Amino acid sequence: MESTTLVLNNLVKTFGRQGEVLAVNNLNIEIRQGEFVTLLGPSGCGKTTTLRLIAGFEFPTSGQILLDGESLNDVPPNKRPMAMVFQNYALFPHMSVFDNVSYGLKVKRQAADLIRESVEIVMQLMNLVGMGDRMPHQLSGGQQQRVALARALVMQPKVLLFDEPLSNLDAKLRVQMRIEIRRLQQRLGITTVYVTHDQAEAMSLSDRIAIMRDGQLEQIGTPREIYQQPASIFVADFIGRANFIESCVQSCTDGQLTLELFGRMLTIPASQETFSTGEPVYLVIRPEAARVSRQAGNYTGEVKQAVYLGSTVEYEIETHDHFVSVVVYNPQQGDIFEEGDQVFLDLPSVAFHVLPRQTG
Ligand SMILES: Nc1ncnc2c1ncn2[C@@H]1O[C@H](COP(=O)(O)OP(=O)(O)O)[C@@H](O)[C@H]1O
Ligand SMILES: [Mg+2]
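See the structure below:
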């Protein structure tokens, strides 16, 4: 199960007469057999282009894509054992559900009874039993997306590709479909590359998330690694929220990092990265890791903003000329504060993550 299936090797794609648009900039990603990898990043960072390169709809400017060790560069899209599901479903509007789902197999000239059997299996899998005669416009958005997925699965692809498939669905349905896609993918064990700009979707679906920025890979890791050990400010800021507090390294010895924070010394376990004495860094802490209370805490502060949202309260606390965002979950009567309240702020040292900070 640990074998690598899909490899993107120094993948580059430029657009424009002079190649002035660098859509994919030297991408290296290795995807394992059966793995679910999501390409996540802001609009325009090169996600769709990467997916289209994998599918063969675009040809790489340089670099290679390998499937089970073989280069795909000279393999046309219809010969690649892949299937793609699009945001707009891309169903044939004048064809019934059955004809839509069976289309690819008919093109492959499979026997009619075999086709019927395969279609039946995926229709069952996708909860579409009894809908074979309907036309796409007689289906809800969620059902249309199920048909699109059935049409992809019926081809028994080695690799399943998704480009923002849930963006056109309403919020509740999106969460439901998310769970369904994940269950299906795990059950069938199909290697999957999924594109989205929605971080919750990426977190809930993926074995690993590849964060992209300006055509490059910023970080790849499990949802936990990405959240707990973001490799850059961009990642920390893109996934969830974070406070970035400027500091300098006082010392770095055997796995212990000593830094100054608001006039106090702080000792935290050093991550894989090594830092030198005097090096400027950011101390990164998530709002939900900080605590605010009336009686105890490392730092004194004042509530500058309090936003009550029912399941949470979001505070902006001013301390030592800095603003720190704090989120309190399940707020109870005693720990709801008002703007202007004098409070204590607790920033547990284990909750900090350290990132290098460029100066100049
Ligand atoms: N066919 C094309 N011609 C010119 N530029 C393109 C083309 N396709 C994509 N781009 C550009 O490449 C960059 C990456 O686009 P895309 O892969 O669609 O990003 P994403 O899917 O992450 O939003 C963008 O700057 C986009 O404008
Ligand atoms: Mg896109």
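Mind the numbering: the sequence shown is residues 2 to 361 in our numbering, read in order. By construction, the Cβ of each residue, glycine as well, lies at the ideal position given by its N, Cα and C atoms. Treat the numbers as computed from the prediction; the structure is a model and nothing was measured.
* Asked: How about Phe324 and Glu315: are their beta carbons less than 8 Å apart?
  -> no
* Asked: Are the beta-carbon atoms of Thr39 and Ala211 separated by less than 8 Å?
  -> yes
* Asked: Is the distance from the Cβ of Val89 to the Cβ of Asp215 below 8 Å?
  -> It is Asn, not Val, that sits at residue 89 in the sequence shown. In this structure, Asp215 does not lie closer than 8 Å to Asn89 by Cβ.
* Reduced DSSP category for Pro357 - H, G, I as helix; E, B as strand; rest coil -> strand
* Residue burial classification, Leu348 (beta-carbon count within 10 angstroms, cutoff 16) -> buried
* **Cβ neighbours of Glu261 in the same chain (closer than 8 Å, five flanking residues each side left out)** => Ser248, Cys249, Gln251, Leu267
* Cα-Cα separation between Pro166 and Thr193, rounded to whole angstroms -> 13 Å
* Alpha carbon to alpha carbon, how far is Gln296 from Gln230? Give it in angstroms, no decimals. => 31 Å
* To do: May I ask you to report which of helix, strand or coil DSSP gives Thr15?
  => strand
* Looking at Gly341 and Thr320, is the spacing between their C-beta atoms short of 8 Å? -> no
* **Option in Thr275, Asp199, Phe235, Ile240 with minimal Cα separation from Cys253** => Thr275
* Asked: Cβ of Ser63 within 7 Å of any heavy atom in ligand 4?
  -> Because ligand 4 does not appear in the structure shown, any question about it cannot be addressed here, the ligands present being ligand 1 and ligand 2.
* **Supposed contact pair Pro288 and Val328 - C-beta distance, whole angstroms, cut 8 Å** => 4 Å
* Paired residues, beta bridge with Cys249 - DSSP -> Pro281
* Asked: Which partner residues of His323 appear in the DSSP bridge assignment?
  -> Thr320
* Asked: Relative to ligand 2, is the shortest distance from any of its heavy atoms to the C-beta of Thr197 smaller than 7 Å?
  -> no
* Asked: Any heavy atom of ligand 1 within a distance shorter than 7 Å of the CB on Ala91?
  -> no
* Helix, strand or coil for Lys109 per DSSP? -> coil
* Which residues in the same chain as Leu12 place their Cβ atom closer than 6 Å to its Cβ, once the five residues preceding and following it in sequence are excluded? -> Val25, Leu28, Pro61, Gly64
* Residues near Gln186 in its chain [Cβ-Cβ closer than 6 Å; skip 5 each side] -> Phe37, Thr193
* Asked: Do Lys48 and ligand 2 come close, with the Cβ less than 7 Å from some heavy atom?
  -> yes
* Ile122 beta carbon less than 8 Å from that of Leu106 -> no
* Rounded C-beta distance between Arg209 and Gly222? I'm assuming under 8 Å. -> 6 Å
* Where the beta strand (DSSP E) containing Phe235 begins and where it ends -> Where Phe235 is concerned, there is no enclosing beta strand (DSSP E), although the alpha helix (DSSP H) it sits in stretches over 234 to 239.
* Please report the residue range of the alpha helix (DSSP H) in which Ser205 lies. => 200 to 206
* Asked: Do you know how far the Cα of Gln200 is from the Cα of Glu59?
  -> 26 Å
* Asked: Relative to the C-alpha of Pro137, which residue among Leu129, Leu92, Pro158 is closest?
  -> Leu92
* Run the proximity test for Gly42: is its beta-carbon closer than 7 Å to any non-hydrogen atom belonging to ligand 1? => yes
* Asked: Do Pro281 and Arg358 have their C-beta atoms closer together than 8 Å?
  -> yes
* Asked: Nearest CA to the CA of Glu219: which residue from Arg184, Val108, Val236?
  -> Val236
* Over what stretch of residues does the beta strand (DSSP E) that includes Met178 continue unbroken? -> Where Met178 is concerned, there is no enclosing beta strand (DSSP E), although the alpha helix (DSSP H) it sits in stretches over 172 to 189.
* To do: Taking Met83 as the reference, give the member of Arg53, Val98, Met213, Asp238 with the closest Cα.
  => Arg53
* Helix, strand or coil for Phe99 per DSSP? -> helix
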